[in-house]
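What follows is a short report on a single structure.
Residue numbers (the UniProt record's numbering): 1 to 556.
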């Protein structure tokens, strides 16, 4: 079997202008980045808003394990399968970050015969959106430090600046740094730090902004820190929102690419789901809904993170709510959630499937709390046995959730036809009745407690002293009516990555609350979750190279 990159490089791509004709997009609607990548113009985005809104399908997953789930692969393969059965379908997914691409997780362009292409470009520099976001973020940092150096007219307390620099790599050495050292000409010394670019508030803003005007307003609302009198300092106080929007104006336009089988795809924006809201841009998803009859999108990591944030934070900004949610699992990952070690997953183990099913069942139950029908997609592996598959089907029948095997990695759209047909049937027979998990009028503590209790099944939420102080400050500043963006390990319903399956009787600890006024939410950091990941002992970068003629090697 060929590797992902070998499959991608052996595929004959169509010019992107040809791919998108079926959506009513003309050559003049595109801003080309070579023959196979393009951005859609704002004029076409605006014109498309007159079209009716199609069906929205959200793809999520069980809690991820080292065994792999293949959420992006199913998302892409499902859209290809919908097109194969005669539906007009489009994809709207996130851009990969170089951090996980060169670290351990890998990219976000799918796999096997369910990929978006050109995968090398998408997983590396693509159209430069990540660089634009990094530049805008760090330009703001430079402007803050320059303001301090030039007399500090706003009386910013350098000890209470909460805005950090970013880089689109995993680099643990940059988590905590000191800037401004040396002579007075080098600025005012202060503590600083770096987050990964995809954790930046500017990334969240780009993914939630509806147009340039909205982008500028959101940038102006960013809180960068506090004055000596503890009052907040906004970007609008520095009067630089226009400059930041200028840096980002091209990055705001959604990127168009194609799948191996010619399905059109928006790949735009990339916030992490364990430390940000984990969804591609509102602009891309909304535009896809106006261009296609079915839009297939995804939310990062498990449904306890990505789907919760999609439904509580992103959906209110969309022209419609999801008509169905597809929950992706593998029998291998279920067995790991059932207590098996990674080296034991190739052996048949019915009891481990039954034990691990508790994780999948909880995610199904959570999705139903939003009033949306769920469909389970089992990403098929060669090691899956007929007994394990039969057991899983029986377990899904017991909780009355449709389930289909999908072999899109190996078989492309043919391997997703059964899933596509079941999904369409579910949408037609079970209308969604979307409702958010919580009301924004609740207090910060009540909203966090509701997420922890209803989605995670925690018995108790503990707020550390720092978080309690911040909660008081948030209420004093009138920010307490914003939704909550939980920052939590992706591996468990709890804040302990070692608690797999469907744990009960645990406590969630909130250690930090960070206001993201531009994005429009409050980030609640739990446990030991990091906003700047580190590299593993043997990063994926060790396997990467480039040939003398410029072909990428070892990406996957």
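All residues carry an ideal CB built from backbone N, CA and C; glycine is no exception.
- Residue 337 and residue 259 have their alpha carbons spaced roughly 32 Å apart.
- In this structure, the straight-line span from the alpha carbon of residue 144 to that of residue 407 is close to 51 Å.
- Annotated three-state conformation of residue 225 is strand, per DSSP.
- Judged by their CB atoms, residue 523 and residue 529 are not nearer to each other than the 8 Å cut-off.
- Comparing alpha carbon positions, the residue from 194, 158, 394 and 316 closest to residue 350 is 394.
- Collapsing the DSSP output to three states places residue 43 in a helix.
- Annotation note: the region 29-105 contains the following uninterrupted alpha helix (DSSP H) runs of length 4 or greater, listed N- to C-terminal: 42-48, 71-84 and 98-102.
- Residue 340 and residue 505 have their alpha carbons spaced roughly 22 Å apart.
- Nearest C-alpha to residue 202 among 189, 218, 193 and 188: 218.
- Under the DSSP assignment, residue 411 falls in the alpha helix (DSSP H) whose first and last residues are 408-411.
- Straight across, the Cα-Cα distance linking residue 50 with residue 41 is about 15 Å.
- 223 is the residue among 252, 223 and 231 whose C-alpha sits nearest the C-alpha of residue 240.
- Taking C-beta atoms as the reference points, residue 243 and residue 129 fail to come closer than 8 Å.
- Relative to the Cα of residue 179, the nearest Cα in the group 164, 501, 170 and 168 belongs to 164.
- Inside the region 326-393, DSSP marks whole alpha helix (DSSP H) runs of 4 or more residues at positions 331-337 and 350-369, from first to last along the chain.
- According to DSSP, residue 273 shares a beta bridge with no other residue.
- With fewer than 16 other CB atoms across the displayed protein chains lying within 10 angstroms of its CB, residue 425 is exposed.
- Taking residue 103 as the centre and dropping the five residues before and after it, the same chain places the C-beta of 170, 533, 535, 536, 539 and 540 closer than 7 Å to its C-beta, in chain order.
- With a threshold of 16 other beta carbon atoms within 10 Å, residue 228 falls short and is exposed.
- For the pair residue 272 and residue 302, the CB atoms are not nearer than the 8 Å cut-off.
- For residue 144, no beta strand (DSSP E) encloses it; the enclosing alpha helix (DSSP H) starts and ends at 129-149.
- When DSSP states are grouped into helix, strand and coil, residue 424 belongs to the helix group.
- With a beta-carbon spacing of about 19 Å, residue 375 and residue 292 fall beyond the 8 Å limit used to define contacts.
- Where residue 279 is concerned, there is no enclosing beta strand (DSSP E), because DSSP gives it neither an H nor an E.
- Just so you know, the alpha carbons of residue 305 and residue 134 end up roughly 24 Å apart.
- For residue 19, the enclosing alpha helix (DSSP H) has its first and last residue at 16-19.
- Excluding five sequence positions before and after residue 54, the CB atoms of its chain that fall closer than 7 Å to its own CB belong to 289, 292, 293, 294 and 295, given in chain order.
- Taking all protein chains in view, the Cβ of residue 308 is crowded by 16 or more other Cβ atoms within 10 Å, so the residue is classified as buried.
- In the three-state reduction of the DSSP assignment, residue 537 falls in the coil class.
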